[in-house]
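Undergrad: Heads up: the sequence shown begins at 140 in the numbering used here, then just goes up one per residue.
Before anything else, here's the structure in question.
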Amino acid sequence: MTISQTINSGLRRVPTWPVYLLGSLPPLWYFWQGLDGQLGPEPIKTLEHLVGLLALQMLIVTLAVTPLRRFTGINLIRYRRAFGLLAFYYVSFHLAVWLFLDIGDVSLIWADIVKRWYITIGMAAFALLIPLALTSNNWAIRKLGPRRWKRVHQLGYGAALLGALHFVILVKGFQLEPLIYMGLVGLLLLARIDFKSRKLAAG
Numbered sequence: 140m141t142i143s144q145t146i147n148s149g150l151r152r153v154p155t156w157p158v159y160l161l162g163s164l165p166p167l168w169y170f171w172q173g174l175d176g177q178l179g180p181e182p183i184k185t186l187e188h189l190v191g192l193l194a195l196q197m198l199i200v201t202l203a204v205t206p207l208r209r210f211t212g213i214n215l216i217r218y219r220r221a222f223g224l225l226a227f228y229y230v231s232f233h234l235a236v237w238l239f240l241d242i243g244d245v246s247l248i249w250a251d252i253v254k255r256w257y258i259t260i261g262m263a264a265f266a267l268l269i270p271l272a273l274t275s276n277n278w279a280i281r282k283l284g285p286r287r288w289k290r291v292h293q294l295g296y297g298a299a300l301l302g303a304l305h306f307v308i309l310v311k312g313f314q315l316e317p318l319i320y321m322g323l324v325g326l327l328l329l330a331r332i333d334f335k336s337r338k339l340a341a342g
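Below you can see the structure in the form of structure tokens.
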């Protein structure tokens, strides 16, 4: 038995619910740290950043599932829905912190979206994730059919790219970290391309 087969055999014994449970905790923990004064002099900005980073990381994890199976044989497909929904949860939490704790004044929200490019791009990424979250269920797969469902879920590629671009534009000056995330997204998308058919690998 190969290493990947051993890993896959162990993974088959792990249900998906612990992924949802454990994955839901980090934003709540960061929020508690903010209330407890552990997030520094600007707790709202720090909370916003930490949860936004979680969202981008989970989008990257979701993107990595297919290339990981393709190149190593390790199969995390059964957890991909959980990864995707957790990414949407993190983005929603990130957005809620910005809306209700950072901006606060509803009349300023649209002006901020239009004025700041990184917010415009972040909102576009969130918009792309909404249909993915709404169709991340068996009923939607049956209703849309596998082919149309896969096309809808290719919006996740754009959401990941926009999320990484949001991070790059957000930071001031040259910083390596957001460029690394952008590079990872780009590499994972390249890894999905079937260069014979010049199409992204499905799933």
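Yeah, the Cβ is synthetic: ideal placement off N, Cα and C, and Gly gets one too.
Since this is a predicted model, take the numbers as computed values, not measurements.
For the alpha helix (DSSP H) containing K184, list its first residue and its last residue.
TA: 182 to 211
Undergrad: Suppose the cutoff is 7 Å on Cβ atoms and the five residues either side in sequence are ignored; what does the same chain contact list for G297 look like?
TA: These residues qualify, in order along the chain: L267.
Undergrad: Throw me the rounded Cβ distance for the A226 and L327 pair, which I believe falls under 8 Å.
TA: Between A226 and L327 a beta carbon distance of about 14 Å is seen, past the 8 Å cut, so the two are scored as non-contacting.
Undergrad: In three-state DSSP terms, what is F313?
TA: DSSP places F313 in coil when its eight states are reduced to three.
Undergrad: Runs of 4 residues minimum, wholly inside the region 265 to 293: which ones carry the alpha helix (DSSP H) assignment?
TA: Listed in chain order, the complete alpha helix (DSSP H) runs (minimum 4 residues) inside the region 265 to 293 are 277 to 283, 285 to 292.
Undergrad: Go ahead and label P166 buried or exposed: buried means 16 or more other beta carbons lie within 10 angstroms of its beta carbon, across all protein chains shown.
TA: P166 comes out buried.
Undergrad: Would you call the region 226 to 235 in contact with the region 253 to 273, where contact means no fewer than 3 C-beta pairs closer than 8 Å?
TA: The count of Cβ pairs closer than 8 Å, one atom from the region 226 to 235 and one from the region 253 to 273, reaches three, so the stretches are in contact.
Undergrad: Tell me which residues share the same chain as A303 and place their Cβ nearer than 6 Å to its Cβ, disregarding the 5 neighbours each side in the sequence.
TA: Y320, M321, V324
Undergrad: Does the region 254 to 264 touch the region 276 to 288, meaning 3 or more C-beta pairs lie closer than 8 Å?
TA: no
Undergrad: State buried or exposed for A299, treating a residue as buried only when at least 16 other CB atoms are found within 10 Å of its CB.
TA: buried
Undergrad: Ends of the alpha helix (DSSP H) at W156?
TA: 156 to 174
Undergrad: So, with DSSP's three-state summary, where would you put Q144?
TA: helix
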